[in-house]
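The listed protein sequences derive, respectively, from chains A and B.
Counting from 1, position 111 in the first sequence corresponds to residue 111 in the numbering used here; the numbering is continuous, with no gaps.
Counting from 1, position 56 in the second sequence corresponds to residue 56 in the numbering used here; the numbering is continuous, with no gaps.
For each residue, glycine too, the CB sits at the ideal point set by N, CA and C.
Keep in mind the model is a prediction, meaning the values are calculated, not measured.
Protein chains: 2
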Amino acid sequence: MNQSVERGICLDTCTNDELVVLVKGQMPGSDYLAELSNLFKALGDFTRIRILNALLTSELCVCDLVSILEMNQSAISHQLRVLRSSKIVKHRKEGRNVYYSLDDNHVHQMIRQGLDHVLEG
Amino acid sequence: MNQSVERGICLDTCTNDELVVLVKGQMPGSDYLAELSNLFKALGDFTRIRILNALLTSELCVCDLVSILEMNQSAISHQLRVLRSSKIVKHRKEGRNVYYSLDDNHVHQMIRQGLDHVLEG
DNA sequence: TAAATATATGAACATGTATTCATATATTGG
DNA sequence: CCAATATATGAATACATGTTCATATATTTA
Numbered sequence: 001m002n003q004s005v006e007r008g009i010c011l012d013t014c015t016n017d018e019l020v021v022l023v024k025g026q027m028p029g030s031d032y033l034a035e036l037s038n039l040f041k042a043l044g045d046f047t048r049i050r051i052l053n054a055l056l057t058s059e060l061c062v063c064d065l066v067s068i069l070e071m072n073q074s075a076i077s078h079q080l081r082v083l084r085s086s087k088i089v090k091h092r093k094e095g096r097n098v099y100y101s102l103d104d105n106h107v108h109q110m111i112r113q114g115l116d117h118v119l120e121g
Numbered sequence: 001m002n003q004s005v006e007r008g009i010c011l012d013t014c015t016n017d018e019l020v021v022l023v024k025g026q027m028p029g030s031d032y033l034a035e036l037s038n039l040f041k042a043l044g045d046f047t048r049i050r051i052l053n054a055l056l057t058s059e060l061c062v063c064d065l066v067s068i069l070e071m072n073q074s075a076i077s078h079q080l081r082v083l084r085s086s087k088i089v090k091h092r093k094e095g096r097n098v099y100y101s102l103d104d105n106h107v108h109q110m111i112r113q114g115l116d117h118v119l120e121g
């Protein structure tokens, strides 16, 4: 279906070109696209991706993550906050520990799919 | 399989805890995780996500994208460069136009999966 | 209740990044 | 060859973001 669309050569900026109108019409709303880019942005950091890969294996508390990533506790907590506010992880408190886990199965799949991509490379 | 792993309560930082060792062992190598986070980072920008959503419908030249996103040509070109260097889009030249399209099917699927996620909310 | 431990958070700092402006390059048409 | 058009790119700027340090909060234990 992709390549069957007729192209219109742009003169200056082709604001009313048929294809442009078509593509514009098929784009999801800005709200969704903003949400989507924010989701990817939250996944797009080395520390956070390592946290999430760890959580792929098991629910973990903050100090587990400190040991696994060999990083500052503060740095970990700050990044967990980002992941929490993006609803990517959920947490539960048990005594003085706070256990984090993946909130959603979609994210699980997105990470795995991304890994497939880079492993093939 | 997740919750069946025995937890070890951390005292200070539990460097030798069994679970920590297990999780560490199951993490992909740093190189892959770095690549993965870079891939997500490339997807994690509003402008770039809009470009990619447009390319989901059809191959497009730069000035098409300028019209579709209603943005500065320079801004678009700069972002296309980011997508190119991340191997997310490919390009072909035809006369004075340069046509961009998605390079890889994985990315296609990742975007769709991400959209599913945000559309469900 | 005091000390110890686990976690969260604000401020500061350094670094990264998106956009704009000006300009360069390349291609086509006259 | 010259003018016009499409695209790319470097520099500048403003803004976002990750880490560290210091410290606050909450919970357990002695």
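| field | Proximal chain A residues relative to residue 50/B, where beta-carbon distance stays under 9 Å | value | The residue you call residue 50/B lines up with position 50 of the second sequence. Those within 9 Å of residue 50/B in chain A are 27, 30, 33, 37.
| said: Does residue 92/B come out as helix, strand or coil in the three-state DSSP assignment? | reply: Here residue 92/B refers to the residue found at position 92 when the second sequence is read from its first residue. Looking at residue 92/B - three-state DSSP - the assignment turns out to be strand.
| Applying the criterion that 16 or more other CB atoms from any shown protein chain within 10 Å of the CB defines a buried residue, is residue 53/A buried or exposed? | Stepping through the first sequence from its first residue, residue 53/A is reached at position 53. With 16 or more other Cβ atoms within 10 Å, it is buried.
| query | chain A beta carbons: is any one of them nearer than 8 Å to that of residue 71/B? | reply | Working through the second sequence from its first residue, we reach residue 71/B at position 71. False, the Cβ-Cβ gap to chain A never drops below 8 Å.
| field | Same chain only: Cβ atoms within 8 Å of residue 27/B, ignoring 5 sequence neighbours per side | value | Within the second sequence, numbered from 1, the residue matching residue 27/B stands at position 27. Apart from the 5 residues on each side of it in sequence, residue 27/B sits with its Cβ closer than 8 Å to the Cβ of 33 in its chain, given in chain order.
| task | Using three-state DSSP, classify residue 38/B as helix, strand or coil. | result | To locate residue 38/B, count along the second sequence from 1; it is residue 38. Residue 38/B falls in the helix class under three-state DSSP.
| query | Three or more C-beta pairs closer than 8 Å, one from the stretch 37 to 57 of chain A and one from the stretch 67 to 78 of chain A: is that the case here? | reply | yes
| request: Assuming residue 61/B and residue 98/B form a contact by the criterion Cβ under 8 Å, report the distance between their Cβ atoms to the nearest whole angstrom. | output: In the second sequence, residue 61/B corresponds to position 61, counting from 1. In the second sequence, residue 98/B corresponds to position 98, counting from 1. Correct: roughly 6 Å between the Cβ atoms.
| Inter-residue Cα distance where the pair is residue 5/B and residue 24/B | As a first step, residue 5/B is located in the second sequence; it is residue number 5 there, counting from the start. As a first step, residue 24/B is located in the second sequence; it is residue number 24 there, counting from the start. With a pLDDT of 42 at residue 5/B, under the threshold of 50, the modelled position of this residue cannot be trusted, and the question is left open.
| field | Span separating the alpha-carbon of residue 118/A from that of residue 19/B | value | What you label residue 118/A is simply residue 118 of the first sequence in a count that begins at 1. What you label residue 19/B is simply residue 19 of the second sequence in a count that begins at 1. Each residue's CA atom was taken as its position, placing residue 118/A and residue 19/B some 26 Å apart.
| message | Taking CB distances under 8 Å as the criterion, tell me whether residue 43/B reaches chain A. | response | Sequence index remark: in the second sequence, residue 43/B carries index 43 (1-based). At least one chain A Cβ lies under 8 Å of residue 43/B.
| Between the Cα of residue 105/A and the Cα atoms of 16/B, 82/B, 22/B, 114/B, which residue gives the shortest distance? | Working through the first sequence from its first residue, we reach residue 105/A at position 105. Ranking 16/B, 82/B, 22/B, 114/B by Cα distance to residue 105/A puts 114/B first.
| message | Per DSSP, what are the beta-bridge partners of residue 102/A in this structure? | response | By one-based count along the first sequence, residue 102/A stands at place 102. DSSP lists 89/A as the bridge partner or partners of residue 102/A.
| field | Closer than 8 Å to chain A by CB, residue 19/B | value | On the second sequence, residue 19/B is found 19 positions in, with the first residue counted as 1. So, interface residue.
| When the cut-off is 8 Å and only beta carbons count, does residue 67/A lie next to chain B? | Taking the first residue of the first sequence as 1, we reach residue 67/A at position 67. Answer yes: the Cβ-Cβ gap between residue 67/A and chain B drops below 8 Å somewhere.
| field | Collapsed DSSP secondary structure at residue 53/B in the structure displayed | value | Your numbering for residue 53/B matches position 53 in the second sequence. In this structure, residue 53/B counts as helix in the three-state DSSP scheme.
| What is the residue span of the alpha helix (DSSP H) that residue 25/B lies within? | Within the second sequence, numbered from 1, the residue matching residue 25/B stands at position 25. 18 to 26 is the extent of the alpha helix (DSSP H) around residue 25/B.
| message | For a contact defined as C-beta to C-beta under 7 Å, what are the partners of residue 98/A on chain B? | response | For the purposes of this step, residue 98/A is identified with residue 98 of the first sequence, where counting begins at 1. Here the premise fails: no neighbours, minimum Cβ distance about 11 Å.
| Taking C-beta to C-beta, are residue 44/A and residue 37/B nearer than 8 Å? | Here the question's residue 44/A lines up with position 44 in the first sequence. Here the question's residue 37/B lines up with position 37 in the second sequence. Cβ atoms of residue 44/A and residue 37/B: closer than 8 Å.
| field | Range of the contiguous alpha helix (DSSP H) that encloses residue 67/B | value | As a position in the second sequence, residue 67/B is number 67, starting the count at 1. Start and end: 62 to 69.
| Can you list, in chain order, the residues of the stretch 106 to 119 of chain B whose Cβ is nearer than 8 Å to any Cβ on chain A? | Closer than 8 Å at the C-beta level to chain A, one finds these residues of the stretch 106 to 119 of chain B: 106, 107, 109, 110, 111, 113, 114, 115, 116, 117, 118, 119.
| task | Output, in chain order, the set of chain B residues within a Cβ distance shorter than 7 Å of residue 54/A. | result | Counted from its first residue, the first sequence places residue 54/A at position 54. Simply 23, 27.
| said: Would you say residue 64/B lies against chain A (beta-carbon separation less than 8 Å)? | reply: Indexing the second sequence from 1 puts residue 64/B at position 64. It does; some Cβ of chain A falls within 8 Å.
| task | Have a look at 16/B, 46/B, 111/B, 63/B and flag the residue whose alpha-carbon is nearest the alpha-carbon of residue 102/B. | result | Start at 1 with the first residue of the second sequence, and residue 102/B comes out as number 102. Looking at the Cα atoms, 111/B is the closest of the given residues.
| request: Confirm, please, whether the CB-CB distance from residue 42/B to residue 83/B is below 8 Å. | output: By one-based count along the second sequence, residue 83/B stands at place 83. By one-based count along the second sequence, residue 42/B stands at place 42. In contact: residue 83/B and residue 42/B (Cβ atoms closer than 8 Å).
| request: Tell me, please, whether the CB atom of residue 60/B is closer than 8 Å to any CB atom in chain A? | output: As a position in the second sequence, residue 60/B is number 60, starting the count at 1. Yes, its Cβ sits closer than 8 Å to a Cβ of chain A.
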